[in-house]
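This report concerns only the one structure given below.
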């Protein structure tokens, strides 16, 4: 037991020391760096509210990743599904004018449909043609990126037709700010609710259990009478829908219109968010906050210490590696006893 | 009474036997001294001590969960002991990892093969080899060495053959050659006979005798008395992690050994004569082709009635596994009809697993860990596994975990499954207890058709008797049982009728009383 604690302590120390070393190599003060990173993001409402803003799409997208990964379906296409959802939701938004309070749920539903369609295509290709979902989803990310590039210069471009961005969605579709002084919006509730619902659904329903079984062994699933093909398609539909919801929420809460790069970097971070949470929906909001800290903190470090951006990536990378190492040590310890 | 293939003993040179005797006086090749190892809730090894001499074949006998595999995993460097010492040639051996164990001169043949099917024999042998200069594989040298070793052991080894294409017995020979390639002084085999047909078994024993004649110390782990009596010089018996007896095999009676292993006599399975009822399963002209176009099943027809056990025998790879998979709904045939008369309306034609389970088909799968259970999940979740899609424990799509835990806990008591509770991971259970859980789950709702594939393979005598008793009970309450087995003792203990698959063709079924073991054996080993 003490051996385990010792090794995990060593890993934690390395996680603090290695990035500090790089910071020193860059000629900066490591103590000040950690101070700014944690002080701004956790010690000020300005910083922490921004962390939460970033954690909202990461949570929703991370939940989508978790649904798929639990079933052994490696959906790397979260970013594409997020864009698909955002595009469909924005495209549908003019039709929702004048529906009152009913408009926002329909708008979010449109986002989910867009994402689900993008995910469903992958499920169909995988079950019908045994296509490798990793390759398909990676390639489809580019397809949806190009779709976004096109629609904001074509069919959905703002009325002026000047800048490459879409028209602004109706005021009724915007997610309200929770605090006038920050950017934090009501999407926070959507993300938390989604995490709770997913946690219950994946651990208590026959669907969630079946997905878990498929993820562990397709052969056992077949023996148990679970039809893998059906669950894989349903799993990808749900996974995509969560990605699409993330896109619709991000537009409704932060951007209010489609722009180039509004989703940049979310897809890969969401995979790390889901994996760090051990694919457990209830933990995903917390790992999403951790990644929000890095994202927001990197901006603060640039502004306050003019620390180059890549250094923050090093910190992030080392923290992820240290976390995985700690888990591996724990798993190894569990096997031996 | 005990049949000892004379070859295995006769081949032993008198010198080696003399060495073995002389060795008793000098330093033993291997000395295990007071080794203990605790797992949560179980003392798997409790101050185990034993010795092995040069040129000796030592049998390690015990029930499932007696601690044999733990001890062997300690020797192979896979598990580290909590206490005790292991000496090789009188020197304390450092067995921290499998690599250390190999360096100490201990070679291991695992129960589950570690070969890669898609690769050639030679490539598989090359996998474990040290690389020239760190990364180059000297295939020529490996091939030469393997060929020399095969010649010495008088086995035929086709180095270019793909492993998938070999029989199980041949694959085991490859495993043995692989284990011997580091020239170990000690060779350990974990349940090597479990997967072998009777004639392959004799071949293995001959091989071990030749190895011993060369001076290698051999440890054979088995729970089959016949194996120990056929090929071992000495035997050490483990029970509940302790050594409960040992001695020269020649001086021990079979009954003594049985008493040592289980503590008391096993009550033989009682069975009443069969009174077959209506048909539950009718198979007509079933055909299945392999990927290469050759027939795996070449027109099989048979019927299983209520109140009877029909045994299906065959040497591995003759199509009987596929036949069982089709009947259980896990594979689709290329032709023929299957009628099920189960609960509710009759089912005509091949069906999916979910439908069959709903109508009352139990399936005890041939390869437990590949098909029937998930080691990481708890016992209760494994109980849920097959109750999901007939919706028995998932009404309206929501899991009834409380009910699953209740049923599973009741089964633990009823089937005497050794587990702390229904929440422990299945992997913590011994193989015999895992199989009991599968049996309890599959028989839980009194299914009219029970498909049992090798239900007692790899189990100890007591568990075998229990499993067989359960199958007979299922028959007596009116189920039809299709029993896939390679063990003729089991056929004669359980079955009312027997049929044999050989090269895809079905012989029988015939009443067990109207045939002889000789006839069935002849069908099994007939021209392929």
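Residue numbers (the numbering used here), protein chains in the order written: chain A, 362 to 698; chain B, 147 to 674.
From the three backbone atoms N, C-alpha and C, an ideal C-beta is built for every residue, glycine too.
For residue i, name the three-state secondary structure that DSSP assigns.
i                      : result
residue 631 of chain B : coil
residue 462 of chain B : coil
residue 384 of chain A : helix
residue 616 of chain B : helix
residue 603 of chain B : coil
residue 168 of chain B : Legend: pLDDT at residue 168 of chain B = 47, less than 50; position of this residue unreliable, no value from coordinates given.
residue 341 of chain A : This structure does not reach residue 341 of chain A, given that chain A is present from 362 up to 698, and the question cannot be answered.
residue 209 of chain B : coil
residue 519 of chain B : coil
residue 528 of chain B : helix
residue 561 of chain B : coil
residue 397 of chain A : helix
residue 564 of chain A : helix
Flag residue i as yes if its beta-carbon sits less than 7 Å from any beta-carbon of chain B, otherwise no.
i                      : result
residue 584 of chain A : yes
residue 577 of chain A : yes
residue 362 of chain A : Note that residue 362 of chain A has pLDDT 47, beneath the 50 cutoff, so the model's placement of it is unreliable and no number is given.
residue 692 of chain A : no
residue 581 of chain A : yes
residue 567 of chain A : yes
residue 570 of chain A : yes
residue 689 of chain A : no
residue 367 of chain A : no
Determine the closest residue to residue i out of the options, with distance taken between C-alpha atoms.
i                      : options                    : result
residue 610 of chain A : A:472, A:456, A:436, A:389 : A:472
residue 419 of chain A : A:654, A:564, A:631, A:410 : A:631
residue 553 of chain B : B:221, B:289, B:567        : B:567
residue 477 of chain B : B:462, B:613, B:499        : B:499
residue 649 of chain B : B:469, B:475, B:450        : B:469
residue 645 of chain B : B:249, B:198, B:460        : B:460
residue 283 of chain B : B:575, B:577, B:268, B:295 : B:268
residue 527 of chain B : A:566, A:681, A:437, A:669 : A:566
residue 618 of chain B : B:427, B:338, B:178, B:420 : B:420
residue 208 of chain B : B:330, B:565, B:295, B:382 : B:382
residue 484 of chain B : B:494, B:490, B:475        : B:494
residue 452 of chain B : B:532, B:433, B:507, B:217 : B:507
residue 476 of chain A : A:680, A:622, A:629, A:502 : A:502
residue 425 of chain B : B:489, B:443, B:360, B:559 : B:489
residue 375 of chain A : A:651, A:692, A:680, A:542 : A:680
residue 395 of chain A : A:406, A:378, A:559        : A:378
residue 623 of chain A : A:462, A:509, A:498, A:373 : A:509
residue 427 of chain A : A:581, A:488, A:602        : A:602
residue 371 of chain B : B:417, B:633, B:606        : B:606
residue 534 of chain A : A:437, A:664, A:461        : A:461
residue 352 of chain B : B:329, B:376, B:342        : B:376
Of all the CB atoms in chain E, is at least one closer than 7 Å to the CB of residue i?
i                      : result
residue 495 of chain B : Among the chains of the structure shown, chain E does not appear; the protein chains present are A and B.
Between residue i and the rest of its own chain, which residues show a CB-CB distance below 7 Å, the 5 nearest in sequence each way excluded?
i                      : result
residue 261 of chain B : 270, 309, 317, 320, 321
residue 684 of chain B : Shown here, chain B extends from 147 to 674; a query on residue 684 of chain B therefore has no answer.
residue 623 of chain B : 592
residue 391 of chain A : 381, 384, 385
Whose C-beta lies closer than 6 Å to the C-beta of residue i among residues of the same chain, with five residues either side of it excluded?
i                      : result
residue 399 of chain B : none
residue 706 of chain A : A query on residue 706 of chain A cannot be resolved here, the shown segment of chain A reaching from 362 to 698 and no further.
residue 402 of chain A : 408, 412, 654, 657, 658
With 7 Å as the threshold, decide whether the Cβ of residue i is near any Cβ in chain A.
i                      : result
residue 544 of chain B : yes
residue 550 of chain B : no
residue 516 of chain B : yes
residue 503 of chain B : yes
residue 476 of chain B : yes
residue 532 of chain B : yes
residue 499 of chain B : yes
residue 122 of chain B : No information on residue 122 of chain B is available, as it lies outside the stretch 147 to 674 that chain B covers here.
residue 325 of chain B : no
residue 294 of chain B : no
residue 540 of chain B : yes
Suppose the cutoff is 8 Å on Cβ atoms and the five residues either side in sequence are ignored; what does the same chain contact list for residue i look like?
i                      : result
residue 180 of chain B : 193, 194, 195, 229, 230, 231
- Query: Whole alpha helix (DSSP H) runs in the segment 574-648 of chain A with 4 or more residues, listed along the chain?
  - Reply: 579-584, 589-611, 627-637
- Message: Just to confirm the assignment: which complete beta strand (DSSP E) runs, minimum length 3, are found wholly within the segment 248-282 of chain B?
- Response: 252-255
- Task: Kindly provide the ranges of any beta strand (DSSP E) runs that are 3 or more residues long and lie completely inside the segment 370-433 of chain B, ordered along the chain.
- Result: 380-385, 388-394
- Message: I'd like the ranges of any beta strand (DSSP E) spanning at least 3 consecutive residues and lying wholly in the segment 487-558 of chain A.
- Response: none
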